[in-house]
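If you read the sequence shown in my numbering, its first letter stands for residue 195, the second for the next number, and so on. All residues carry an ideal CB built from backbone N, CA and C; glycine is no exception. From a predicted model like this one, the values you see are computed outputs, not experimental measurements. First comes the structure, then the notes that go with it.
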Amino acid sequence: MRSWIQLSLQDSLSPIITIISSFHDLIMITITLVLTTIRYIIIFLIINNYTNRNLKDAHKIELIWTIIPTLILLRLATPSLQLLYLIDESIQPNLTIKVVGHQWYWRYEYRDFPNISYDSYILPRTLLNTGDFRLLEVDNRIIAPINTEIRLLVTASDVIHSWTVPALGVKIDAIPGRLNQLTFTIKRAGVFYGQCSEICGANHSFIPIAIESVNIDSFIKWTKSKF
Ligand SMILES: [Cu+2]
195 MRSWIQLSLQ
205 DSLSPIITII
215 SSFHDLIMIT
225 ITLVLTTIRY
235 IIIFLIINNY
245 TNRNLKDAHK
255 IELIWTIIPT
265 LILLRLATPS
275 LQLLYLIDES
285 IQPNLTIKVV
295 GHQWYWRYEY
305 RDFPNISYDS
315 YILPRTLLNT
325 GDFRLLEVDN
335 RIIAPINTEI
345 RLLVTASDVI
355 HSWTVPALGV
365 KIDAIPGRLN
375 QLTFTIKRAG
385 VFYGQCSEIC
395 GANHSFIPIA
405 IESVNIDSFI
415 KWTKSKF
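Structure below.
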């Protein structure tokens, strides 16, 4: 990956992250407009001849520079709240995966099937194949079907971890004694990576997350192979 590509958001994998990306764009456009205006005003004030230095008050302009920022903030707050509730929404999940954070690996349990649960460890450099991402590849990936609403139940067994996949727009804390819930739908097939994003100890950097999205037939075949 080239470094300038890493500065932007990853290509979206779920409908939620598509909306998050659009919201990010809206905020960036707004910030650019505001900063440009303010920079213009600052430069104008520096280079002018102080013709208005005896001006004490001007009600009209004060009204304008109060109301316009209020409108800008409302324009940002409305979609932000809408998005917050949308992310939290769980309509009808078809598959439940329980994620348990450990020092230092992830355990995945497919609660709809009797036998499918496994640990997911980082793949050491000596076992990497050509094209694998160093520090991101794991020995057992999560297999998830596309176009299916998936519910994630996230917890931890020792300290707080955070299960994060940027392409999915998912970042959820794994807290011992608590079960956090999150739902998402994957729109396309592929392999996507994430990392723990809560400092959880010495090997915090070495518990990556790899999620492989497949079509529903391959998923059923995979579950059968696990029985
Ligand atoms: Cu962790």
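Using only the alpha-carbon positions, how far apart do residue i and residue j sit?
i    : j    : result
S314 : I237 : 56 Å
T224 : H218 : 10 Å
N248 : I366 : 56 Å
L278 : M222 : 19 Å
S391 : K250 : 52 Å
L347 : Q375 : 5 Å
N341 : S202 : 25 Å
W416 : N334 : 13 Å
G395 : R301 : 17 Å
G388 : S274 : 24 Å
T349 : Y312 : 15 Å
A252 : I258 : 10 Å
V353 : I255 : 54 Å
Determine the burial state of residue i: buried for a count of at least 16 other Cβ atoms within 10 Å of its Cβ, exposed for fewer.
i    : result
E331 : buried
T230 : exposed
W198 : exposed
T272 : exposed
G363 : buried
Y304 : buried
I235 : exposed
P402 : buried
Q228 : Per the sequence shown, the amino acid found at residue 228 is Val instead of Gln. So V228 counts as exposed.
L329 : exposed
P339 : buried
I232 : exposed
Taking 8 Å as the cut-off, is the CB of residue i close to at least one heavy atom of ligand 1?
i    : result
S356 : yes
I401 : yes
G371 : no
V364 : no
G388 : no
V385 : no
V353 : yes
H253 : no
H218 : no
G295 : yes
W298 : yes
G395 : yes
May I ask you to check if the CB of residue i is nearer than 8 Å to at least one heavy atom of ligand 2?
i    : result
W416 : This structure simply doesn't include ligand 2; it includes ligand 1 instead.
Self-check item: Segment contact flag, the segment 322-330 with the segment 261-268, C-beta cutoff 8 Å, min 3 pairs
Solution: no
Self-check item: Length at least 4, wholly inside the segment 201-276: the alpha helix (DSSP H) runs in chain order
Solution: 209-241
Practice problem: Jot down the residue ranges of each uninterrupted beta strand (DSSP E) in the segment 317-389, minimum 3 residues, whole runs only, in chain order. | Solution: Correct list: 336-339, 343-350, 355-359, 364-368, 374-379.
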